[in-house]
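Accompanying notes for the structure given below.
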Amino acid sequence: MTETSFTPHDHGACISQGVEEAVRQCREAGLKLTPVRRRVLEILLERHRAMGAYEILDRLREEGLGSQPPVAYRALDFLTANGFAHRIERLNAFVACTHAGDDHTPAFLICRNCSRVAETDSTLPRRALAEAAKGLGFSVERAAVEAEGLCPACLESAS
Numbered sequence: 032m033t034e035t036s037f038t039p040h041d042h043g044a045c046i047s048q049g050v051e052e053a054v055r056q057c058r059e060a061g062l063k064l065t066p067v068r069r070r071v072l073e074i075l076l077e078r079h080r081a082m083g084a085y086e087i088l089d090r091l092r093e094e095g096l097g098s099q100p101p102v103a104y105r106a107l108d109f110l111t112a113n114g115f116a117h118r119i120e121r122l123n124a125f126v127a128c129t130h131a132g133d134d135h136t137p138a139f140l141i142c143r144n145c146s147r148v149a150e151t152d153s154t155l156p157r158r159a160l161a162e163a164a165k166g167l168g169f170s171v172e173r174a175a176v177e178a179e180g181l182c183p184a185c186l187e188s189a190s
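Under the working numbering, the first residue of the sequence shown carries the number 32, and numbering increases by one thereafter.
Okay, here's the thing in structure tokens:
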């Protein structure tokens, strides 16, 4: 079973593996994972839910890592540009990438009740979209699927 925010897993290992993978990829690509960038990634990994930039900024401010919006936005820009995080358009928020380093088209399953987000690969919709675009002479460079519903825990508590 794939580990997601909707399934039980070792959350500590989830966080440390996510950070270790980012450190490795940055080292290999010659990118600088600054302390603020690293902390923003850790904050996103801790939550398994989409977080707005100002919510992240509040955490950074509490920890003495910055109090101005550009601090959070620069870190989020770096993380999204390098595939360590994704922007959830529907929520105007960010979530850590659970497939960092993989060439993938993410599909986000967003719980409308608790706001947790699980990421999965949307290979089939990606192919269908690419074929439809090709027929129109368009080349898709990036796509994401966002689906809203109820996670297993919220479904269970609703019954």
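For every residue, glycine included, the Cβ atom is placed at its ideal position computed from N, Cα and C.
{"Query": "Cutoff 8 Å; reference L181; Cβ partners in own chain excluding five residues on either side", "Result": "C142, R143, N144 and A189"}
{"Query": "Coarse secondary structure for R173, derived from DSSP in three states", "Result": "coil"}
{"Query": "Helix, strand or coil at G180 [DSSP, three-state]", "Result": "strand"}
{"Query": "N- and C-terminal bounds of the beta strand (DSSP E) containing F109", "Result": "Where F109 is concerned, there is no enclosing beta strand (DSSP E), although the alpha helix (DSSP H) it sits in stretches over P100 to A112."}
{"Query": "Touch test, the segment 56 to 71 against the segment 80 to 97, Cβ-Cβ under 8 Å, three pairs minimum", "Result": "yes"}
{"Query": "Counterpart residues of P137 in DSSP-defined beta bridges", "Result": "D152"}
{"Query": "Per DSSP, the bridge partner or partners of C145", "Result": "C145 is not bridged to any residue."}
{"Query": "Coarse secondary structure for A116, derived from DSSP in three states", "Result": "strand"}
{"Query": "Alpha-carbon spacing of L91 relative to I74, whole angstroms", "Result": "9 Å"}
{"Query": "For G166 and N123, the rounded distance between their alpha carbons", "Result": "31 Å"}
{"Query": "Residue range of the unbroken beta strand (DSSP E) whose run includes A124", "Result": "A124 to A127"}
{"Query": "Inter-residue Cα distance where the pair is A164 and T136", "Result": "15 Å"}
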